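Here the protein sequences line up with chains A and B, keeping their order.
To convert, count from 1 in the first sequence and add 48; that's our numbering.
To convert, count from 1 in the second sequence and add 300; that's our numbering.
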Amino acid sequence: NAGVTQTPKFQVLKTGQSMTLQCAQDMNHEYMSWYRQDPGMGLRLIHYSVGAGITDQGEVPNGYNVSRSTTEDFPLRLLSAAPSQTSVYFCASSLIPGTGAYEQYFGPGTRLTVT
Amino acid sequence: GQQVMQIPQYQHVQEGEDFTTYCNSSTTLSNIQWYKQRPGGHPVFLIQLVKSGEVKKQKRLTFQFGEAKKNSSLHITATQTTDVGTYFCFPGGATNKLIFGTGTLLAVQP
Numbered sequence: 049n050a051g052v053t054q055t056p057k058f059q060v061l062k063t064g065q066s067m068t069l070q071c072a073q074d075m076n077h078e079y080m081s082w083y084r085q086d087p088g089m090g091l092r093l094i095h096y097s098v099g100a101g102i103t104d105q106g107e108v109p110n111g112y113n114v115s116r117s118t119t120e121d122f123p124l125r126l127l128s129a130a131p132s133q134t135s136v137y138f139c140a141s142s143l144i145p146g147t148g149a150y151e152q153y154f155g156p157g158t159r160l161t162v163t
Numbered sequence: 301g302q303q304v305m306q307i308p309q310y311q312h313v314q315e316g317e318d319f320t321t322y323c324n325s326s327t328t329l330s331n332i333q334w335y336k337q338r339p340g341g342h343p344v345f346l347i348q349l350v351k352s353g354e355v356k357k358q359k360r361l362t363f364q365f366g367e368a369k370k371n372s373s374l375h376i377t378a379t380q381t382t383d384v385g386t387y388f389c390f391p392g393g394a395t396n397k398l399i400f401g402t403g404t405l406l407a408v409q410p
C-alpha cells in the first residue's frame with residue numbers, strides 16, 4: 049500500500065494563477081480531508097468529504113474548491129492564487145469518524161509558495 | 301461550535317525532564333486522538349482514547365481522557381531529543397468537521 053500520496057511536493061505560483069493539488073489514497077477510506085499549515089502554526093481544515101460525491105466546507109474554505117468523483121481521489125483546486133495561500137497543504141484519509149478507530153493517515157504534504 | 305484549546309503553545313525542556321500538554325474542550329467529546337508532527341514532517345497518529353477516565357501508556361508516554369470527556373493530557377516522562385516536535389490533540393464529537401487542537405511545540409535541549 050502506498051497510503052496517502054500527494055503531488056506535487058513543491059510548487060511556486062504567481063498571484064492569480066490556478067492549480068490543482070492532487071491527493072490519492074489506496075486504503076478504501078471514505079473520509080478524506082485537506083488541511084493547511086502556515087509556518088509555526090497548527091492545522092486548519094479547508095474541506096472534507098465523507099464519500100464520493102459528498103464534500104463540505106471546513107474552517108478556511110475560501111479560495112479553494114474540491115471534488116470527490118471517486119473514493120480514491122480528492123483534489124484541491126486553488127482558483128486564483130494569493131500570497132496568503134502560501135502554506136503547506138496536507139491531505140488526510142480515514143474511516144468515517146465515529147465508526148471505531150478512525151486514525152488519520154496523512155500524505156507528505158505540498159509546499160506551496162505564491163509570489 | 302466545538303472549541304478546543306491546547307496548552308502550552310510551546311515548551312522547552314532539558315533532556316530528562318518531564319513534559320505535559322493539555323487539551324481542553326468546551327463540549328463533551330466522543331473520543332480524542334493524539335498526533336505527533338516532527339519538524340518538516342507530517343502528523344502521525346499516536347493513540348485514540350474513548351472511555352471516560354481512560355489512561356493509556358506507550359513506553360514513556362501517558363495519555364489520559366478526563367472523567368467528563370472534556371479534556372485530555374499527554375505526559376512524557378524523561379524526555380529525549382527524539383521527542384522533539386509538535387503534539388496535537390484531535391477531538392472527536394458529533395460532527396465530521398474534524399478540527400485539530402492548536403498544538404504544543406516541544407523543544408528538548410540535550
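Idealized CB from N, CA, C, for every residue including glycine.
This structure is a prediction, so every number in the text was calculated from the model and none was measured.
Asked	Found
Can you tell me whether DSSP reads Thr161 of chain A as helix, strand or coil?	strand
Give me, in chain order, the residues of the same chain whose beta-carbon lies closer than 6 Å to that of Thr161 of chain A; leave out the 5 immediate sequence neighbours on both sides.	Val60 and Thr134
Return the residue from the list B:Leu405, B:Pro410 and B:Gln409 that minimises the CA-CA distance to Gly88 of chain A.	B:Leu405
How would you list, in chain order, the residues of chain B whose beta-carbon sits under 7 Å from the beta-carbon of Gly106 of chain A?	Lys397
Compute the Euclidean distance between the alpha carbons of Lys397 of chain B and His312 of chain B, then round it to the nearest angstrom.	32 Å
Mind checking Asn76 of chain A: buried by the 16 CB within 10 Å criterion, or exposed?	exposed
Taking 6 Å as the limit between beta carbons, can you name the residues of its chain near Val136 of chain A, skipping five residues before and five after?	Gln85, Gly157 and Arg159
When DSSP labels each residue in this structure, what does Thr381 of chain B get in the three-state scheme?	helix
At the level of alpha carbons, what is the spacing between Gly146 of chain A and Ser330 of chain B?	8 Å
Closer than 7 Å between beta carbons: that is the criterion. Which residues of the region 114–139 of chain A meet it against chain B?	Phe138
Which value, in whole angstroms, describes the spacing of the CA atoms of Thr245 of chain B and Tyr335 of chain B?	The structure shown does not extend to residue 245 of chain B, since chain B spans only 301 to 410, so no value can be given for it.
In whole angstroms, give me the CA-to-CA distance for Ile144 of chain A and Asn371 of chain B.	23 Å
Label Asp74 of chain A either buried or exposed according to how many other C-beta atoms from any shown protein chain fall within 10 Å of its C-beta, with 16 as the threshold for buried.	exposed
Comparing the C-beta of Gly392 of chain B with each C-beta of chain A, is any distance below 8 Å?	yes
Could you name the residues of the region 144–159 of chain A whose beta carbon sits closer than 8 Å to any beta carbon of chain B, in the order they occur along the chain?	Ile144, Pro145, Gly146, Ala149, Tyr150, Glu151, Gln152, Tyr153, Phe154, Gly155, Pro156 and Gly157
How big is the Cα-Cα spacing for Tyr112 of chain A and Trp82 of chain A?	10 Å
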